[in-house]
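Peer 1: Shown below is the structure under consideration.
Rendered as structure tokens:
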């Protein structure tokens with residue numbers, strides 16, 4: 004008999020790239036996830052993962068197994084949904100976009116489209132977005148470069164980048180001019196594509212040699228924005244990530260200068276996904292919501 008529970012745990016870990024994120028999705032403890040992985044490796048007599056500073060990395064055997072399991076669990080899920088009479092829409096999205104834009108609007112989705120069951124998969128890097136069980140993705144990139152074979156791409160937001168900080172911090176140390184930023188700590192996201200945000204903004208503002216009081220480094224944009232909200236320093240904000248915080252007054256943009264990113268937020272529909280009514284309805288909802296906020 005196949006160890007189906009262990010295979011399920013492995014599929015989630017391989018997709019999220021993290022034992023902690025897998026344990027959250029599965030609703031079990033991290034040691035329970037590790038135990039299932041050990042049992043699966045013992046049963047297969049191969050090594051599936053190597054541990055890294057940022058989580059786990061798949062071996063060649065692990066990648067081969069993950070590819071097949073993603074497609075297999077997707078087929079099982081859709082077969083069950085046909086019997087239940089409901090279809091789940093599976094959406095993969097970067098964790099910062101999910102937390103800063105999508106999740107606060109899920110109540111509106113429930114009110115507008117109560118028949119849609121949404122399965123949300125959050126990842127920390129663009130490379131992790133695609134998987135066999137995903138219907139839709141929200142990616143950041145040039146729309147003409149995003150779509151792979153058979154995919155359809157629909158722009159959601161234009162994307163601008165500009166400094167943001169907590170109003171209290173700006174009151175104690177105002178930034179009426181761009182060079183006043185040197186009085187503050189700057190919050191830097193180390194991962195691609197955000198690691199160059201500050202250097203590109205400074206170059207565009209004609210402040211190439213400007214240096215901060217100090218740096219704070221983070222793995223994700225969401226971490227940097229939380230630090231900015233707490234008053235730790237000035238972060239580089241991106242339009243969809245800071246819309247709500249600016250409206251709520253917990254972040255302020257002290258300077259008018261911004262840089263228009265070449266990359267936009269886009270909805271990517273996987274091959275044949277739009278054949279399903281629930282996917283088409285979700286697409287209609289999110290495109291409409293994004294258009295109303297852009298206006």
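Residue numbers (the numbering used here): 4 to 298. A virtual CB, placed ideally from N, CA and C, is assigned to each residue, including glycine.
1. Find the nearest neighbour of residue 53 within the set 6, 22, 288, judged by alpha-carbon distance.
2. Looking at the unbroken beta strand (DSSP E) that takes in residue 191, where does it start and where does it end?
3. Could you check the C-alpha separation between residue 5 and residue 55 for me, to the nearest Å?
4. Let me know if residue 74 comes out buried or exposed under the rule of 16 or more other beta-carbons within 10 Å of its beta-carbon.
5. Taking the beta carbon of residue 220 as the centre, do at least 16 other beta carbons fall within 10 Å, making it buried, or is it exposed?
6. Going along the chain, which unbroken runs of the alpha helix (DSSP H) with 4 or more residues stay wholly within the stretch 176-259?
7. Given that a residue counts as buried once 16 or more other Cβ atoms are within 10 Å of its Cβ, and exposed if not, what is residue 79?
8. From residue 197 to residue 272, what distance separates their C-alpha atoms?
9. For the stretch 40-50 against the stretch 160-174, are there 3 or more C-beta pairs whose distance is under 8 Å?
10. Can you check which of these residues, 100, 275, 125, is closest to residue 24 by C-alpha distance?
11. Specify the secondary structure class of residue 89 as computed by DSSP and reduced to three states.
Peer 2: Result, derived from the coordinates:
1. Relative to residue 53, the option among 6, 22, 288 whose CA is nearest is 22.
2. 188-192
3. 28 Å
4. exposed
5. In this structure residue 220 is exposed. Its beta-carbon is surrounded by fewer than 16 other beta-carbon atoms within 10 angstroms.
6. 200-207, 224-232, 242-251
7. exposed
8. 25 Å
9. no
10. Here the closest residue by C-alpha is 125.
11. coil
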